[in-house]
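Reviewing the structure listed below.
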Amino acid sequence: MVWWEAVLSPALQVLFDKLASGDVLNIVKVWNVNELLLDKLKISYFINTAVLDDAEEKQYLNPAVETWIDMLRDAVFEAEDTLDELATEALRCKLEPDSQKYPQQVRSSWNFIAMKSRIEELITRLEYIAKQKDILGLESNKKSCYGKMCRGPSTPLILVSYVYGRYTEKEELIKLLVSDCDDTNRHRVAPFCVIPVIPVMIHIH
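So the sequence shown is numbered by UniProt numbering: it starts at 1 and just counts up by one.
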């Protein structure tokens with residue numbers, strides 16, 4: 001499992017679940033906010049996440065790609081925070097009957113204009129990130145599960161695609177893994193004498 005499937009995918013899944021929430025869509029209608037903004041936000045994320053597999057490989061050769069990944073990750077987390085606020089307000093309105101009868105009061109009690117502006121800024125930010133991916137030459141992977149945000153394997157697995165400048169450390173790790181955990185050296189190698197790290201040794205090559 002690459003890092004983005006373990007870290008970024010869950011955040012994206014939460015984000016898309018919130019976008020599909022009936023309560024969120026209802027409050028958007030009450031405020032007369034263009035629903036296309038949410039659709040555009042979702043599509044923008046799909047466009048960028050489609051190349052994450054390629055970016056994962058190229059970041060080791062190109063620092064600019066690593067920066068691009070950081071930019072996308074920050075945008076995802078910011079969008080999640082923004083939609084958290086939107087979902088919270090939607091729930092409040094759902095629990096307060098008067099808010100449905102008097103939408104103008106709801107508008108005055110919560111800065112929906114600021115929220116709309118934040119969503120528009122996020123879209124602009126994502127469009128910029130999308131342009132950068134083209135400049136960096138990142139390509140989409142048709143086998144990527146960015147649309148469904150697939151889950152990783154249930155068993156522990158570490159995939160090492162590239163390792164540069166770590167030969168000595170790798171050799172030392174192998175020696176520690178295969179060494180006996182006797183009582184005299186237990187304090188030195190105990191952290192490595194556990195079953196979960198066995199896959200690490202298997203995948204080192």
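Note that CB positions come from ideal geometry on N, CA and C, so glycine has one too.
Alpha-carbon spacing of residue i relative to residue j, whole angstroms
i	j	result
residue 86	residue 122	14 Å
residue 69	residue 120	21 Å
residue 54	residue 115	33 Å
residue 88	residue 81	11 Å
residue 74	residue 90	24 Å
residue 46	residue 76	11 Å
residue 131	residue 113	27 Å
residue 37	residue 92	22 Å
residue 117	residue 59	32 Å
residue 17	residue 39	13 Å
residue 66	residue 124	20 Å
residue 57	residue 139	11 Å
Start and end residues, alpha helix (DSSP H) containing residue i
i	result
residue 45	36 to 49
residue 139	It is not in any alpha helix (DSSP H) - residue 139 carries neither H nor E in the DSSP assignment.
residue 95	63 to 95
Check whether residue i and residue j have beta carbons under 8 Å apart
i	j	result
residue 62	residue 133	no
residue 44	residue 126	yes
residue 41	residue 79	yes
residue 129	residue 72	yes
residue 64	residue 136	yes
Chain D contact for residue i (CB, 8 Å cutoff)
i	result
residue 131	Here chain D cannot be found, since the structure has a single protein chain.
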